[in-house]
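Residue numbers (my numbering), protein chains in the order written: chain H, 1 to 398; chain A, 399 to 738; chain C, 739 to 1113.
Even glycine gets a Cβ: it sits at the ideal position worked out from N, Cα and C.
Model, not experiment: these values are computed from the prediction.
The next block holds one structure in the form of structure tokens; read it before the comments.
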């Protein structure tokens, strides 16, 4: 009895010694955590195999190579038909997701900056209008905005009663139809001239900067640049004999043919996501600009800088450093929110591979893995870019 | 000390590898729960829809009730698990429902790819189109260039793609999750035509405010045998569903209705006696059903013809004719193996 | 000092102070300063007034003046208007109000939901009102609240069992919101501490979890919850759909809370950690008594913002078939008797969410201001 007790005591003291040793304790905790995680994972894996076996399902990605069999009408980049594969359907979905994210980010940034600056306006009325817009928009769920805009868009007139603008632009509940430029044989020259003009402008700006540093003289570089670009491009356009025709949309049968059509589902999702995200961006912009201290403004004034140059050279560069990180997370949110496309039938990633393909093949596990991984990769890319930007613009203190 | 840790890890490892006891059969689950859970649509007039007080009604729901009557002896012990076209199979396979009574087309890839177990056909259907009268369209062949609403995750979108490709026509597909939204888009003029099973079109038209201004085009572009489905791997439960359907058809063929079922118990026809459980059918006990299972179905829900006429027949807003769904000896396709 | 002297001098001279010019004070001065200070400002003002005149009067007429409150169908509603569809038909919302609030909860049991609403208000009051006498018990009540209401709404132990698929409408939104909020905070704090831990295994696990959740859309997670979670569980296990959704929503917002709290933790000066160590406090005591109270205080505005996000995200459950107010609205719209009144439904639901979220954001702003003056 005695001996047993002693050995227990001894062991207990070893345990308590180990437990009180910081390093040993952390090793123990970590080993236990690993064990626990592996245990949980293996239980889950085991359950999945048992459950799938019970209903006779297998786990494989072979279906990606099979014919999808369904049509996706909105496929602006790829030539997709019903005889394409599920993999191609996934790519179309991914491209559509990226398209809505890209367009959404641009429009949201524009609207967001406009409202952010309106919130700073001295004009009381403008200020309050912006305030009401921002508060109302961001306190209502984004799905509601999407459904609401979609509801409005499909109430637009049908093609036969389209809203007609100079016989080239048509607004219907099947979408917006606009003329499509069709470039002729020599049009590459125009493009080349455009690129050359940009290069010249670039060189000019560098020269101007040097000149300013040397002599302090500022040329109206902005207007000069615009003139160069317009002259070059238009000049070459006329010299090559205007190699451009327009394919004008025309009502034939049920729908408009020719031109570019912008689908109502796209429009609804695009507008709703943009102004919803913009309401957050507006607040970010406002607080970013307010965070640039008053002294900076006054110092710039003391140096004799004009108001616009103060904004351009002093306030905005400093504000951007504060604005960019939260802005990036809003971009990320917009991209993720674009998955709500499924509610109105815009064919994004979740609606194609995670929707119809999932259903037609019955591969829930595989398709959802693809969807999740794709979104993860997109997020990681955006955050990697952000980290890079943050490092590049971080305040270097002496 | 180390041995203790390794013992713990080993213990957890062993626990994780322990195989769990295999689930009891669906029938036992249903009996224990006291309710049959049927996967149904989110709402399709005549086939499965909640009435004002939230009670589910319709053609498919009646078959669900028949299943409950057979298994539990009470047709009201059902629960409707609603699902869109997209989520119905996952809901069934993930065990959220016991049986799928949801106008589901039987196809090769669904039977084997998804996979599912199908049990015969409770409605023979085909895919058609509905358009507004004022469009002036008389045939599906004139739909070149049209915008067409489809419910996603159904065979209809595959048929549609095939049909337009075969006929060398173009169309704009407007994919939509539920029948209701599809109807709203169609009414708003987002699409020129709405396509789904002809029975679904009749159901949709019956709920429009102006049914007379819409026509269903004559073309039927596909075969859509609609029937119940269950999960793979439970033969007993699968057989029950198969024979619930067969019992309703056989009852109509033998002239047994919910009104005369009690008199029929003293009939001279031996098959009626076997059906109603007066005479024993061998193998019934193995199926786990009570002696009067089919009697319960007919008494509380009725035979196939009664179910059809009550929910979708000519005297209902849907006004569907029996057509292919007439009994085999009256010119239709409904045919049940004998109760012997 | 100098100022005072100057003032005294002025008084001594007995100079009668002049009133400011009339154009600088009063309404006129205010108008001039805020609306018409320059040409461009005047143009903006005129444009804005034009915009408001274009927007507000018709909206007011549509929503209030001409709106119809008594009708039994859309047809009747439109028949009562001067111009069909020219005004709001609130009779529809009135007709469906029970559905909007309680979902399909049985009529005779709705007192349980009402009681839960009252308890919720009490709990919120206990948490937010700091001068409440006996606040400790109030806080304990607030912590127990989710469990009490859980029992109250689902039933068992003497109450009739109500299946969760009868839940819907505003009640469902509040259930998901309140559960998500009360459980995601502790989990989020643990995750944040894990992410800042010295133990590489714990740290990387937390980072992986947080980044995974933050990298994928909520509807993908909800979809997994609704269809695939059953595959992860032992065969034959049944798991309530609402419960699965609650778990997913909680984990989702916990990951976001973790990032907010991490920001708060980073804002605590190293001196505080060192002081706690010097006092010989253990890790848990140091965090519980010193670090977390300070870190949480800084991160309250961020936490409230995350809660607002979570509350709005509850609408996404309609994609997997649960009926929140938006879902109820859409379902009601498919009823042929009322179909076509989408604007009314969306506006009603929008106002509901706006009131809740705006209140929360005002509260967070007020806190932020108070905290910044305290420091």
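In the DSSP assignment, the beta strand (DSSP E) including residue i goes from what residue to what residue?
i, result
"residue 595 (chain A)", "591-595"
"residue 74 (chain H)", "Looking at the DSSP string, residue 74 (chain H) is not in any beta strand (DSSP E), and its letter there is neither H nor E."
"residue 164 (chain H)", "163-165"
"residue 171 (chain H)", "169-172"
Which bits of chain H does residue i rub up against, with CB to CB less than 8 Å?
i, result
"residue 1050 (chain C)", "139, 140, 141 and 142"
"residue 621 (chain A)", "Those do not exist, as residue 621 (chain A) stays about 16 Å from chain H at its closest Cβ, beyond 8 Å."
Which whole-angstrom value describes the C-beta separation of residue i and residue j, a residue pair presumed to lie in contact below a C-beta threshold of 8 Å?
i, j, result
"residue 457 (chain A)", "residue 441 (chain A)", "That belief does not hold up - the Cβ atoms of residue 457 (chain A) and residue 441 (chain A) are roughly 13 Å apart, past 8 Å."
"residue 1061 (chain C)", "residue 144 (chain H)", "With 8 Å as the limit, residue 1061 (chain C) and residue 144 (chain H) do not qualify as a contact, their Cβ atoms being about 15 Å apart."
"residue 929 (chain C)", "residue 992 (chain C)", "6 Å"
"residue 558 (chain A)", "residue 593 (chain A)", "6 Å"
"residue 201 (chain H)", "residue 225 (chain H)", "4 Å"
"residue 339 (chain A)", "residue 600 (chain A)", "The question about residue 339 (chain A) has no answer here: the residues shown for chain A are numbered 399 through 738."
"residue 68 (chain H)", "residue 357 (chain H)", "6 Å"
"residue 619 (chain A)", "residue 561 (chain A)", "5 Å"
"residue 464 (chain A)", "residue 695 (chain A)", "5 Å"
"residue 516 (chain A)", "residue 423 (chain A)", "So it is not a contact: roughly 19 Å between Cβ atoms."
Less than 8 Å between the CB of residue i and some heavy atom of the ligand GTP, yes or no?
i, result
"residue 999 (chain C)", "No copy of the ligand GTP appears in this structure; indeed no ligand is present at all."
According to DSSP, which residues form a beta bridge with residue i?
i, result
"residue 180 (chain H)", "H:247"
"residue 436 (chain A)", "A:478 and A:497"
"residue 547 (chain A)", "A:572 and A:592"
"residue 446 (chain A)", "A:442"
"residue 525 (chain A)", "A:595"
"residue 894 (chain C)", "C:897"
"residue 530 (chain A)", "A:612"
"residue 806 (chain C)", "C:827"
"residue 623 (chain A)", "A:522"
"residue 725 (chain A)", "A:732"
"residue 515 (chain A)", "A:628"
"residue 252 (chain H)", "H:255"
Just reading off the alpha helix (DSSP H) that residue i is part of, what are its end residues?
i, result
"residue 796 (chain C)", "777-798"
"residue 257 (chain H)", "First-last for residue 257 (chain H): 255-257, but that is the beta strand (DSSP E), not the alpha helix (DSSP H)."
"residue 1039 (chain C)", "1030-1051"
"residue 260 (chain H)", "No alpha helix (DSSP H) contains residue 260 (chain H), which is instead part of the beta strand (DSSP E) from 260-262."
"residue 356 (chain H)", "Neither: residue 356 (chain H) is in no alpha helix (DSSP H) and is coded neither H nor E."
"residue 50 (chain H)", "22-54"
"residue 582 (chain A)", "577-586"
"residue 368 (chain H)", "364-393"
"residue 1015 (chain C)", "1008-1016"
"residue 320 (chain H)", "316-337"
Give the interface partners of residue i over in chain A, defined as CB-CB distance under 9 Å, in chain order.
i, result
"residue 679 (chain C)", "Since the first residue of chain C shown is 739 and the last is 1113, residue 679 (chain C) is not available in this structure."
"residue 70 (chain H)", "548, 550, 555, 556, 558, 559, 571 and 573"
Check the Cβ of residue i against every Cβ in chain C and list those closer than 8 Å, keeping chain order.
i, result
"residue 44 (chain H)", "970"
"residue 480 (chain A)", "1059"
Using a cut-off of 7 Å between C-beta atoms, extract the partners of residue i located in chain H.
i, result
"residue 937 (chain C)", "26, 29 and 30"
"residue 630 (chain A)", "55 and 56"
"residue 583 (chain A)", "154"
Taking C-beta pairs closer than 9 Å, name the residues in chain C that residue i reaches, listed in chain order.
i, result
"residue 452 (chain A)", "842 and 904"
"residue 485 (chain A)", "961, 964, 965, 1058 and 1059"
"residue 376 (chain H)", "949, 950, 953 and 954"
"residue 371 (chain H)", "954, 955, 958 and 961"
Which residues in chain C have a C-beta closer than 7 Å to the C-beta of residue i? List them in chain order.
i, result
"residue 124 (chain H)", "772 and 773"
Going along chain A in order, which residues have a C-beta closer than 8 Å to the C-beta of residue i?
i, result
"residue 158 (chain H)", "587"
Notebook entry, point to check: Using a Cβ cut-off of 7 Å, which residues of the region 830-854 of chain C contact any Cβ in chain A, in chain order?
Noted result: 842
Next item on the list: Closer than 7 Å, Cβ to Cβ, to anything on chain H: give me those residues from the region 587-605 of chain A, in chain order.
Entry: 587, 588 and 590
Item checked: Residues in the region 9-42 of chain H having any Cβ partner in chain C nearer than 7 Å -> 26, 29, 30, 33, 34 and 37
Next item on the list: Give, in chain order, every residue of the region 512-544 of chain A whose Cβ lies closer than 7 Å to some Cβ of chain H.
Entry: 512, 513, 542, 543 and 544
Next item on the list: Closer than 8 Å, Cβ to Cβ, to anything on chain H: give me those residues from the region 970-999 of chain C, in chain order.
Entry: 970, 971, 972 and 973
Note to self: Along the region 86-111 of chain H, where does the CB come closer than 9 Å to a CB of chain C? Name the residues.
What the structure shows: none
Check: Which of the residues in the region 1014-1027 of chain C, read from start to end, lie with their CB under 9 Å from any CB of chain H?
Finding: none
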